[in-house]
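Residue numbers (the numbering used here): 146 to 713. Positions of the beta carbon are idealized from the N, C-alpha and C atoms, including for glycine. Since we're looking at a predicted model, the values are computed, not measured. Beneath this line is the structure, given in structure tokens, with notes to follow.
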RNA sequence: CGGGGCGUAGCGCAGCCUGGUAGCGUACUAGUCUGGGGGACUAGUGGUCGCAGGUUCGAAUCCUGCCGUCCCGACCA
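Rendered as structure tokens:
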């Protein structure tokens, strides 16, 4: 591609509303343009990157035996009523009406549509298993779109759906998809990790997420250094230390804590470890008032808590005062009335001689013990987020934490959708059976942002070679002054093209600084500079995007050298 | 949806408090000089100051409402 026949529109300054480095650089490099909240146009340069990602995803899906199809983006309400998800998805689904006032949505996902296709077309066990996928635009009316294409409302997704006669068959395909996903992210050149995950609104039984590792990621991940255990913190099991509660030795007493409302401050005042304190979090679920007990240094895990209480919310200050007659900051589980249900994290349940709120302003209690000073908690469950150093649930060491960007998610849906939509087949015995189902998503457009989070420097984007918009840029210097430079640059360009190199010839006649700054900004991995200086010796200059040093190449070795770099 | 901020040229901003000629940087156009890391100079193009009301002789500026957008909390590829 010649730059004069292409469209490059870089900016020196990033828009003020861009927070993440990837968002800033994608705007500055002119890969995307914002149209509205969570809506982005992919400019020709950005689309080249997106297509490269898409093609790798497609290739690996095909290799794994999945079949590509394309379903409508707009879907009728009736299908969603069959599974009850018209209501469940709620405002996240963009609902629209046609001219006849019929209800439709712009598809946020396609379980219903694919299940409808399969129940009509698949009748026999002989046709199974089958794995169908598409790469298509989705729309989810996110509560808070942000970070450019990382959390856009409209985005490009690869979604695959498999159907089976047995759970065993589903597990096989699930493993195949797991491998295919690993292949995709490896080929893309990304540092990633597969983790156990919560299934969320999609539902089903087992699920795993694939995360690109980045400090800016929105998800916290826990993993074990000594084993392959890894899970989203939403799900990662938090084990208590030890198995039995220590004996009580202290007597319960009031301690004055005039200003200390947080466990850390109380611990500091008393000169004890924060791990000897217990915090009580007031929650309301189904109109009932709960106190959730956590160790002072632990945090409530809302996904886990939701599994215990169902839909819940934090209590308001008024509700707290009404139920325990005490302002927040000094509340605790001792001496509460019958309206209050105390639930405890597993770690708390094993604590003895602990410190907690006294249910009167400016006081805490120390030396508190279950069974003696207050009843055993009504429920003991895993309610907290794991922290660095917790024991790994597989018993093989300690957990570490890192952050990730979710770029893929695979689910074993089992019969959730097939049952709701009556998707059946006839087995070998002529019996009607419900289909087993799996589904597998990759956020194609998100991957571009995630890759930039992993690869950039002060000059701009450092794309992995798999996704760079061009593999090579040729920068002729003083092209309009030197016929020789121009001639050689064009010859090199033609030669590279002939050899299958994805090359950009910067024939705009820009000054060298501009060409260098822009090609670095957009992340082209390899650069050849053609100038009179080098040509006098029959040489051109090569520099890698990631290297600070350049070196000379003989003209006749350029294409083979670049090819070796690209294939390395 | 709750809390906070911001809407002035493609992008980044000043002007608003104290009402009276709409400005700066960058980008863009033309020319000259330049020519190995976003170069210099000169001359230009480009804005119904988010929208609608109101106050006023006069509103980017003051008041009211609406809309958009961003940040902090609950969703997801």
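Residue state for residue 405 is assigned as coil, using DSSP reduced to three classes. With contacts defined by Cβ atoms closer than 9 Å, residue 524 and residue 489 form a contacting pair. Rounded to the nearest angstrom, the Cβ distance from residue 667 to residue 605 is 7 Å, consistent with a contact under 8 Å. Counting along the chain, residue 189 sits inside the alpha helix (DSSP H) bounded by residues 189–208. Of the residues assessed, residue 219 falls on the exposed side of the cut-off, its CB having fewer than 16 other CB atoms within 10 angstroms. Residue 217 places its beta carbon 9 Å or farther from that of residue 239.
According to the DSSP assignment, residue 548 belongs to the beta strand (DSSP E) that extends over 544–559.
In the DSSP assignment, residue 440 falls within the beta strand (DSSP E) that extends over 433–440. For residue 278, there is no enclosing alpha helix (DSSP H); the enclosing beta strand (DSSP E) has its first and last residue at 275–284. In the structure shown, residue 491 falls within a helical segment according to DSSP collapsed to helix, strand and coil. A distance below 9 Å separates the beta carbons of residue 276 and residue 305.
The Cβ atoms of residue 536 and residue 546 lie no closer than 9 Å to each other.
Remark: C-beta atoms of residue 610 and residue 603 do not approach each other more closely than 9 Å.
Between residue 529 and residue 492, the C-beta spacing is below 9 Å. Here residue 477 is buried, its C-beta having at least 16 other C-beta atoms within 10 Å.
When DSSP states are grouped into helix, strand and coil, residue 255 belongs to the coil group. For residue 323, the secondary structure class from DSSP, reduced to helix, strand or coil, is helix.
Boundaries for residue 672: no alpha helix (DSSP H) harbours it, while the beta strand (DSSP E) harbouring it runs 671–675, taken from the DSSP string. DSSP places residue 642 in the helix class (H, G or I) of the three-state scheme. The three-state secondary structure of residue 697, taken from DSSP, is strand. Taking C-beta atoms as the reference points, residue 341 and residue 375 count as a pair closer than 9 Å. Contact between the region 496–511 and the region 382–395 is established, with three or more Cβ pairs separated by less than 8 Å. Apart from sequence neighbours up to five positions away, the residues of its chain that approach residue 321 with a beta-carbon distance below 6 Å are 209, ordered along the chain.
When the five nearest sequence neighbours on each side are left out, the beta carbons in the same chain lying within less than 8 Å of the beta carbon of residue 699 are those of 683, 684, in order along the chain. Annotated as distal: residue 408 and residue 400, with beta-carbon spacing of 9 Å or more. Note on geometry: alpha-carbon atoms of residue 192 and residue 574 lie some 51 Å from one another. If you check the CB distance, residue 319 and residue 206 do not come in under 9 Å. Counting C-beta atoms within 10 angstroms of its own C-beta, residue 448 has fewer than 16 neighbours from the protein chains shown and is therefore classed as exposed. Using a Cβ distance threshold of 9 Å, residue 600 and residue 551 do not count as a contacting pair.
In this structure residue 230 is buried. Its beta-carbon is surrounded by 16 or more other beta-carbon atoms within 10 angstroms. The beta carbon of residue 640 is closer than 6 Å to those of 704 in its chain, skipping five residues each way along the sequence.
Counting C-beta pairs closer than 8 Å gives three or more between the region 253–270 and the region 566–584, which meets the contact rule. Residue nearest to residue 167 within the set 361, 149, 355, 316 is 361 (criterion: CA-CA distance). For residue 220, the beta-bridge partners assigned by DSSP are 250. Of the candidates 571, 642, 659, 676, 571 places its Cα closest to the Cα of residue 265.
Looking at the backbone, the Cα of residue 634 and that of residue 661 are separated by about 16 Å.
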